[in-house]
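**Q** Residue numbers (this note's numbering): 1437 to 1959.
Ideal Cβ placement from N, Cα and C applies to all residues, glycine included.
The structure follows.
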Amino acid sequence: MGKISISRTQGKKEIYDDFNDSILSFTEALKKNSNWMSKRFNQKSGTQRVNFPVGLLRKSKHFVFQVQAQGTLNTTLLPRSPWLCQPKAFHELGENAELLNTCSEGRFALLPEHFTCCIQAAVLATGTMQGRSRLTLVLLSVAIACAVAQYVPPWTEDCRKSTYPPSGPTYRGPVPWYTINLDLPPYKRWHELMVDKAPALFALVNSLYLMLVAFIPAAPRWELLDVKLPGLLGNFPGPFEEEMKGIAAVTGIPLGEIISYNIFYEFFTICTSIITEDKGGHLLHGRNMDFGLLLGWNINNNTWVVTEQLKPLTVNLNFQRNNKTVFKAASFAGYVGVMTGFKPGLFSLTLNERFSSNGGYIGILEWVLGKKDAKWIGFILRSVLENSTSYEEAKNILTKTKLLAPAYFILGGNVSGEGCVITRDRKESLDVYELDPKQGRWYVVQTNYDRWKNTFFLDDRRTPAKICLNQTTQENISFATLYDVLSTKPVLNKLTVFTTLIDVIKGQFETYLRDCPDPCIGW
1437 MGKISISRTQ GKKEIYDDFN DSILSFTEAL KKNSNWMSKR FNQKSGTQRV NFPVGLLRKS
1497 KHFVFQVQAQ GTLNTTLLPR SPWLCQPKAF HELGENAELL NTCSEGRFAL LPEHFTCCIQ
1557 AAVLATGTMQ GRSRLTLVLL SVAIACAVAQ YVPPWTEDCR KSTYPPSGPT YRGPVPWYTI
1617 NLDLPPYKRW HELMVDKAPA LFALVNSLYL MLVAFIPAAP RWELLDVKLP GLLGNFPGPF
1677 EEEMKGIAAV TGIPLGEIIS YNIFYEFFTI CTSIITEDKG GHLLHGRNMD FGLLLGWNIN
1737 NNTWVVTEQL KPLTVNLNFQ RNNKTVFKAA SFAGYVGVMT GFKPGLFSLT LNERFSSNGG
1797 YIGILEWVLG KKDAKWIGFI LRSVLENSTS YEEAKNILTK TKLLAPAYFI LGGNVSGEGC
1857 VITRDRKESL DVYELDPKQG RWYVVQTNYD RWKNTFFLDD RRTPAKICLN QTTQENISFA
1917 TLYDVLSTKP VLNKLTVFTT LIDVIKGQFE TYLRDCPDPC IGW
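Here is the structure:
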């Protein structure tokens, strides 16, 4: 565990000038050692452990930075993001006060991020007493330290083990099942479910309204959503518009708000999906549904407001026709599309958001202007699950159909090698990355970044997932070990609403509500 002692004894301006110089000088010193550190800690095989005794001292005119770290570090440890450091305690600094801050309770001691973490705590503690320009300079210095931290993969903890069957602080509870009878008229299909979930849906819609009102006056907002939105969007395909009208009637929530609630899922789905194949050719599909980024932060319990409000809305759905299961899905009450589902015995399918400048907002604008040749993502997934009869048919549709928004489709089948990630632009497929167990590719992992690009260094769920899968090995992959991977931070994070595990051949479909107790990254 490292610690930093910061003492200040002189005037504010002089101190902050020296503070910046000290950070810059310290950062340069760390850069010189970055190659060595990368070689020591970026091991790709095994779990080699090394002892790393360190004592660094940086003196400046008014500050003493002392970083100490000693212990056993593992290649799978994850240093936390700099501004998510949660110090045990720090107090407002007086003119001659001292801040002695132990950065966190977790086990991360790689110096660049560890140093930045503590400096950020000092900046927060003193920021209220300085002008904006001076604070900006300090934050720039912190940003430089952040850049140094990129030499080290942003992991946060050892791969979890023995978390299945779910229990303990990361398990919120089970998810209820409901039947959606496709033989009923679309207007009536969701009646039973929405009678139960209307209060929870109203609470979520009200929260979204309050966020919107912060930017748009109330009167125009009501007119836009409740009156003009249904007309602007025109007729939705298939049964979806009638289903949304039925939901609006049962809940008493205006149709415009039900429509906006359904559109809402086209843009904020930040998830992790995994398909694995064991030595016997048996496929498993798992996913964490992460949702609610930037949609309200509760400072009292360190949670995302919308993420928490989605948990009581989470449901397992059994879509039936003639009293027989057509497909199953994990979803949110009030949403008529599908983002997570499977057709027993045939294939499984999950959706992850893909960020692109040519994104869903452009697709919706084109739809409003009358160009309706593209499909809504959640609706096309439901259509595929409802109507396709094979992995190859589903793959062909998901590869070629024009979409309103870019996306990643993660598709699993029922025989060896049937598993892929389809990277989609709005108009075409950019890449189909498939399982190839003969070449050693026994899993595919997809988060929210193209596989051929680096992830954003503050949002790297891909690397920890791969590390944990490699540690698990193909021989030991199962529902239990896949759940372990999906329970490892930051694959599990503050945005995670639920985890779903799917076995197409056995017909197993399990969904669990999740929590991520502190210390936990926000996304």
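Three-state secondary structure (DSSP) at H1721?
**A** Counting from 1 along the sequence shown, the entry for residue 1721 is found at position 285. In the structure shown, H1721 sits in a strand (DSSP, three-state: E or B).
**Q** Suppose you measure from the CA of Y1623 to the CA of D1867; what does that come to, to the nearest Å?
**A** Reading the sequence shown from its first residue, position 187 is the one you call residue 1623. Reading the sequence shown from its first residue, position 431 is the one you call residue 1867. Each residue's alpha carbon lies about 38 Å from the other.
**Q** By the three-class DSSP mapping on this structure, what secondary structure does G1491 have?
**A** As a first step, residue 1491 is located in the sequence shown; it is residue number 55 there, counting from the start. Note that G1491 scores 34 on pLDDT, short of 50, meaning its location in the model is unreliable; the coordinates nonetheless yield the value given after this. G1491: strand per DSSP, three-state reduction.
**Q** Over the uninterrupted alpha helix (DSSP H) stretch that includes G1799, give me the two end residues.
**A** Your numbering for residue 1799 matches position 363 in the sequence shown. Taken as a continuous stretch (DSSP letters only), the alpha helix (DSSP H) holding G1799 covers G1796 to V1804.
**Q** So, are the CB atoms of Y1771 and N1698 less than 7 Å apart?
**A** Reading the sequence shown from its first residue, position 335 is the one you call residue 1771. Reading the sequence shown from its first residue, position 262 is the one you call residue 1698. Closer than 7 Å, so yes.
**Q** Can you look up S1792 in the DSSP assignment and give me helix, strand or coil?
**A** Stepping through the sequence shown from its first residue, residue 1792 is reached at position 356. In this structure, S1792 counts as coil in the three-state DSSP scheme.
**Q** Unbroken alpha helix (DSSP H) runs of length 4 or more, entirely within the region 1614-1654: which are they?
**A** Within the region 1614-1654, the complete alpha helix (DSSP H) runs of at least 4 residues are 1627-1649.
**Q** Tell me where the alpha helix (DSSP H) around E1864 begins and ends.
**A** Taking the sequence shown and counting its residues from 1, one reaches residue 1864 at position 428. Segment: none, E1864 is in no alpha helix (DSSP H) and carries neither H nor E.
**Q** List the endpoints of the continuous alpha helix (DSSP H) containing A1841.
**A** As a working note, residue 1841 is residue 405 in the sequence shown. Segment: none, A1841 is in no alpha helix (DSSP H) and carries neither H nor E.
**Q** May I have the straight-line CA-CA distance separating S1784 from S1643, to the nearest angstrom?
**A** If you number the sequence shown from 1, residue 1784 lands on position 348. If you number the sequence shown from 1, residue 1643 lands on position 207. Whole-angstrom Cα-Cα distance: 33 Å.
**Q** Helix, strand or coil for A1964? Go by DSSP, reduced to three states.
**A** What is shown of the chain runs 1437 to 1959, which leaves residue 1964 out entirely.
**Q** Can you tell me whether DSSP reads I1833 as helix, strand or coil?
**A** Taking the first residue of the sequence shown as position 1, residue 1833 is located at position 397. I1833: helix per DSSP, three-state reduction.
**Q** With three or more beta-carbon pairs closer than 8 Å as the criterion, would you say the region 1834-1842 touches the region 1788-1802?
**A** Yes, they touch.
**Q** Using the Cα positions of N1734 and Y1827, report the straight-line distance between them to the nearest angstrom.
**A** Along the sequence shown, read from residue 1 onward, the residue named residue 1734 stands at position 298. Along the sequence shown, read from residue 1 onward, the residue named residue 1827 stands at position 391. Each residue's alpha carbon lies about 42 Å from the other.
**Q** Per DSSP, what are the beta-bridge partners of L1949 in this structure?
**A** Stepping through the sequence shown from its first residue, residue 1949 is reached at position 513. Answer is G1609 and F1934.
**Q** Look at the alpha carbon of I1941 and the alpha carbon of F1791, and state the distance between them as a whole number of angstroms.
**A** For the purposes of this step, residue 1941 is identified with residue 505 of the sequence shown, where counting begins at 1. For the purposes of this step, residue 1791 is identified with residue 355 of the sequence shown, where counting begins at 1. Taking the straight line from one Cα to the other gives about 33 Å.
**Q** Do Q1756 and T1599 count as a contact pair if the criterion is CB distance below 7 Å?
**A** Residue numbering aside, residue 1599 sits at position 163 when the sequence shown is read from its first letter. Residue numbering aside, residue 1756 sits at position 320 when the sequence shown is read from its first letter. No, Cβ-Cβ distance for T1599 and Q1756 is not below 7 Å.
**Q** I need the boundaries of the alpha helix (DSSP H) containing Q1875, first residue and last residue.
**A** Taking the sequence shown and counting its residues from 1, the one referred to as residue 1875 is at position 439. Here Q1875 belongs to no alpha helix (DSSP H), and DSSP marks it neither H nor E.
**Q** Rounded to whole angstroms, what's the CA-CA distance from N1788 to G1682? Just pull it up for me.
**A** Start at 1 with the first residue of the sequence shown, and residue 1788 comes out as number 352. Start at 1 with the first residue of the sequence shown, and residue 1682 comes out as number 246. Roughly 28 Å separates the two Cα atoms.
**Q** Decide yes or no for the touch test of the region 1713-1723 against the region 1626-1635: beta carbon pairs closer than 8 Å, at least 3 of them.
**A** Judged by Cβ distances under 8 Å, the region 1713-1723 makes no contact with the region 1626-1635, as fewer than three pairs qualify.
**Q** Below 6 Å, is the gap between the Cβ of P1621 and the nearest heavy atom of the ligand NAP?
**A** Absence of the ligand NAP is noted for the structure shown, with no ligands found whatsoever.
**Q** Measuring straight from C-alpha to C-alpha, what distance separates K1811 and S1852?
**A** As a working mapping, residue 1811 is identified with position 375 in the sequence shown. As a working mapping, residue 1852 is identified with position 416 in the sequence shown. In a straight line, the C-alpha of K1811 is about 30 Å away from that of S1852.
**Q** Got a sec? Which residues, its chain only, sit under 6 Å from L1834 by beta carbon, not counting five neighbours each side?
**A** Looking up residue 1834 in the sequence shown gives position 398. Taken in chain order, the residues that qualify are F1845 and I1858.
**Q** Taking the straight line between their C-alpha atoms, what separation do you get for D2004 and E1911?
**A** Outside the modelled stretch of the chain, which goes from 1437 to 1959, sits residue 2004, for which no answer is possible.
**Q** Report yes if the CB atom of K1747 is closer than 7 Å to the CB atom of L1949, and no otherwise.
**A** Here residue 1747 refers to the residue found at position 311 of the sequence shown. Here residue 1949 refers to the residue found at position 513 of the sequence shown. Result yes, Cβ atoms of K1747 and L1949 sit closer than 7 Å.
**Q** Report yes if the CB atom of L1729 is closer than 7 Å to the CB atom of I1706, and no otherwise.
**A** As a position in the sequence shown, residue 1729 is number 293, starting the count at 1. As a position in the sequence shown, residue 1706 is number 270, starting the count at 1. Yes.
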